[in-house]
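Working notes, structure below.
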Ligand SMILES: [Fe+2]
Ligand SMILES: [Fe+2]
C-alpha cells in the first residue's frame with residue numbers, strides 16, 4: 001500500500017493530470033431527447049443522448065449495456081461491452097447508468113469541446129474595473145493582513161524573479177484555495193444554524209472556480225516542472241490548513257488577507273503585461289480554453305488573456321475587502337447580498 005502511494009505520487013509529479021483533457025461525448029448512446037438552451041448571446045442546440053438500461057433482466061444487468069447503433073455493434077467493441085464500458089479517445093465511460101453528455105455547440109455551430117465548463121459559464125471580464133484601488137490598512141488586523149501578504153511576496157519574488165508565467169501559475173494554485181475554504185465553512189454554518197447565507201456560499205465558490213480556471217489556462221502556457229509540482233503539494237498542505245484555521249477564528253482577517261493577496265495578484269499581472277508589451281515575454285496565441293472561457297476573439301493573444309485575468313483579480317479584491325468590511329461593521333455576511341454571477 002505504501003509502495004503504491006509513493007509510486008502514485010512520483011507519477012503524479014512527473015506527468016501530472018490535466019483536467020482540461022477533452023472527454024468526448026458518448027457515442028454509444030441513442031439520441032432520445034432534444035433541447036434548446038438560450039443564454040445571453042449564445043444559442044445552444046443540444047441533443048441529450050439519454051439511454052437508460054431500464055431492463056432488469058439478467059443479461060443487461062450483467063453487461064450493463066443499452067442499445068447501440070447497428071454500425072457500432074462491431075466485434076471490436078465486444079470485449080468492452082462485456083465489461084459494460086465504452087472507450088473512446090482513451091477515456092473509459094460506463095454506459096450502465098444512462099449518464100451522457102449532451103451535444104453542445106458554439107454560436108458558429110462547432111462542437112463545444114470542454115467538459116470542465118459550459119458555454120453559459122463563460123463570460124466577458126469587466127475591463128473597466130479600477131485596477132488601482134487599495135484598501136489602506138487602518139486597524140491592527142488590517143495591518144497584520146497587509147504585512148503578512150507583503151512578507152510572503154519576498155520569497156516568491158526571489159524564487160520566480162522574472163519568470164512571470166511560472167509565478168502566475170503558482171500563484172493561482174494558492175489563490176483558488178480561500179474561496180473554497182470560505183464557501184465550505186459557510187455551507188456548514190448554514191446547515192448548522194438553519195440559515196440562508198445571502199448568496200455568499202455561491203459567491204465564494206464562484207471565486208474558487210474562477211481561480212481554478214486561471215490555473216487551467218496558465219498550465220496550458222507553462223508546463224510545471226516536477227519540483228514545482230512538489231512545491232505546490234507542500235504549499236497547498238500548509239496553506240489550506242492555515243487558512244481553514246484562520247477563517248474559523250477570524251473571517252474578517254481571512255477576507256482582508258485575501259483582499260490584499262488579490263491586490264498583489266493585480267500587481268503581478270500588471271508586471272506580466274509590461275513584460276509582454278516590452279517584448280521580454282513572447283505574446284503567443286491564447287490557449288483555446290481561454291478563448292472560450294472569456295469569450296475572447298479567435299485571434300486573441302497572451303496579452304488579452306492576462307488582461308482579463310487581471311480584471312478578475314481586481315473583482316476578487318473588491319469582493320474580499322467588502323466581505324471583511326461587513327465583518328468589521330459587526331455584521332454577518334448574510335446581512336449583505338453577495339456579489340454573485342460576475343463570473
Ligand atoms: Fe487568479
Ligand atoms: Fe483572484
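Residue numbers (the UniProt record's numbering): 1 to 343.
Where a beta carbon is used, it is the ideal one built from N, C-alpha and C, also for glycine.
Taking the Cβ atoms as the reference, residue 165 lies roughly 7 Å from residue 218, within the contact range of under 8 Å. Beta-carbon to beta-carbon, residue 129 and residue 338 are separated by about 18 Å, too far to satisfy the 8 Å threshold. Residue 173 is not bridged by DSSP to any residue. Judged by DSSP in its simplified three-state form, residue 103 adopts strand. Contact check for residue 323 against residue 255 passes: the beta carbons are separated by less than 8 Å.
Using a cutoff of 7 Å, the CB of residue 316 counts as near ligand 2, since one of the ligand's heavy atoms is closer than that.
Per DSSP, residue 112 lies in no alpha helix (DSSP H) and is assigned neither H nor E. Residue 301 sits in a strand when the DSSP states are folded into three classes. Taking C-beta atoms as the reference points, residue 169 and residue 235 fail to come closer than 8 Å.
Its chain contains 129, 131, 266 as the residues whose beta carbon lies nearer than 6 Å to that of residue 314, once the 5 sequence neighbours on both sides are disregarded; these appear in chain order. Counting C-beta pairs with one atom in each stretch, the region 278-296 and the region 111-124 have three or more that are closer than 8 Å, which means they touch. In this structure, residue 262 has its CB closer than 7 Å to one or more heavy atoms of ligand 2.
Residue 270 carries a helical assignment under DSSP once its states are collapsed to helix, strand and coil. Residue 260 places its beta carbon less than 8 Å from that of residue 149. Among the bridge pairs identified by DSSP, residue 285 is matched with 301. By the 16-neighbour rule on beta-carbons within 10 angstroms, residue 307 is buried.
Sequence-distant partners of residue 172 (beyond 5 residues in either direction) whose C-beta falls short of 7 Å from its own C-beta, in its chain, are 211, 214, 215, 218.
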